[in-house]
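Trainee: I have a structure here, written as structure tokens, and I will follow up with some questions on it.
In my numbering, the protein residues as written are 427 to 571.
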């Protein structure tokens, strides 16, 4: 098992929590980001800034049983298909049984934006998000280590 972080849009508190939990459980931690981000990590993969380049690197590194931290629903669907676990920085654990709904929602919102409408962005991050993330990451590690 390893923890892989899609670090392009990862909050600093989430990165810190991942480092702590990985160290406590002696699990390798890998971060992946484009060269536009300044990420300091022992196992960091820097990719170009082309669309989806970070996602491709993450999926290529993913093996069954890994834990992937991402807020990208499409990437979450791909890693679930490889037998890995996916966790959003908000603490939401992605599940295969809800992925079809999430991907359909993503497509509908993209369609609205293409037609000139606006959709709401993510809400402001809270302390509860940090606690939920830490709790769910610890649970995933404990249940699958």
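We treat Cβ as the ideally placed atom computed from N, Cα and C, and that holds for glycine. Just so it is clear, the structure is predicted and the values come from calculations on it, not from any experiment.
Does the contact criterion of 3 or more C-beta pairs under 8 Å hold for the segment 464 to 482 versus the segment 431 to 444?
Mentor: Flag = yes, the segment 464 to 482 and the segment 431 to 444 touch.
Trainee: Check whether the segment 500 to 519 and the segment 446 to 453 are in contact - that is, three or more C-beta pairs closer than 8 Å.
Mentor: No, because fewer than three Cβ pairs between the segment 500 to 519 and the segment 446 to 453 fall closer than 8 Å, the two stretches do not touch.
Trainee: Using the DSSP secondary-structure output, state which residues sit across from residue 457 in a beta bridge.
Mentor: By one-based count along the chain shown, residue 457 stands at place 31. The partner list for residue 457 (beta bridge, DSSP) reads 431, 470.
Trainee: Is it true that the segment 487 to 498 meets the segment 506 to 517, where meeting means three or more beta-carbon pairs spaced less than 8 Å apart?
Mentor: The segment 487 to 498 vs the segment 506 to 517: in contact.
Trainee: Would you mind stating whether residue 475 and residue 445 have Cβ atoms separated by less than 9 Å?
Mentor: Within the chain shown, numbered from 1, the residue matching residue 475 stands at position 49. Within the chain shown, numbered from 1, the residue matching residue 445 stands at position 19. In this structure, residue 445 does not lie closer than 9 Å to residue 475 by Cβ.
Trainee: Consult DSSP for residue 465 and reduce its assignment to one of helix, strand or coil.
Mentor: Residue 465 sits at position 39 when you count from the first residue of the chain shown. Note: residue 465 maps to coil in three-state DSSP.
Trainee: Taking just the CA atoms, how far does residue 568 sit from residue 542?
Mentor: Residue 542 sits at position 116 when you count from the first residue of the chain shown. Residue 568 sits at position 142 when you count from the first residue of the chain shown. For residue 542 and residue 568, the distance between alpha carbons rounds to 45 Å.
Trainee: Using the Cα positions of residue 533 and residue 540, report the straight-line distance between them to the nearest angstrom.
Mentor: Position 107 of the chain shown, counted from the start, is the residue given in the question as residue 533. Position 114 of the chain shown, counted from the start, is the residue given in the question as residue 540. Straight-line Cα distance between these residues: approximately 10 Å.
Trainee: On the premise that residue 488 lies in contact with residue 505, defined as a C-beta separation below 8 Å, what is that separation, rounded to the nearest angstrom?
Mentor: In the chain shown, residue 505 corresponds to position 79, counting from 1. In the chain shown, residue 488 corresponds to position 62, counting from 1. About 5 Å; that satisfies the 8 Å criterion.
Trainee: Leaving out five residues on either side along the sequence, give the residues of the same chain with a beta carbon under 6 Å from the beta carbon of residue 454.
Mentor: Residue numbering aside, residue 454 sits at position 28 when the chain shown is read from its first letter. The answer, listed in chain order, is 428.
Trainee: From the DSSP output, in three-state form, read off residue 514 for me.
Mentor: The residue given as residue 514 occupies position 88 in the chain shown. Residue state, collapsed to three classes: coil.
Trainee: With 16 as the cutoff for other CB atoms within 10 Å, does residue 552 come out buried or exposed?
Mentor: Within the chain shown, numbered from 1, the residue matching residue 552 stands at position 126. Exposed is the call here.
Trainee: Can you list, in chain order, the residues of its chain with a C-beta nearer than 6 Å to that of residue 556? Leave out the 5 residues immediately preceding and following it.
Mentor: Reading the chain shown from its first residue, position 130 is the one you call residue 556. For residue 556, where only same-chain residues beyond five positions count, the Cβ hits under 6 Å are 439.
Trainee: Return the first residue and the last residue of the alpha helix (DSSP H) that residue 479 is part of.
Mentor: On the chain shown, position 53 is the one that residue 479 refers to. Taken as a continuous stretch (DSSP letters only), the alpha helix (DSSP H) holding residue 479 covers 479 to 487.
Trainee: With a threshold of 16 other CB atoms inside 10 Å of the CB of residue 443, please say whether the residue is buried or exposed.
Mentor: In the chain shown, counting from the first residue as 1, residue 443 sits at position 17. Counting Cβ neighbours within 10 Å, residue 443 comes out buried, since at least 16 surround it.
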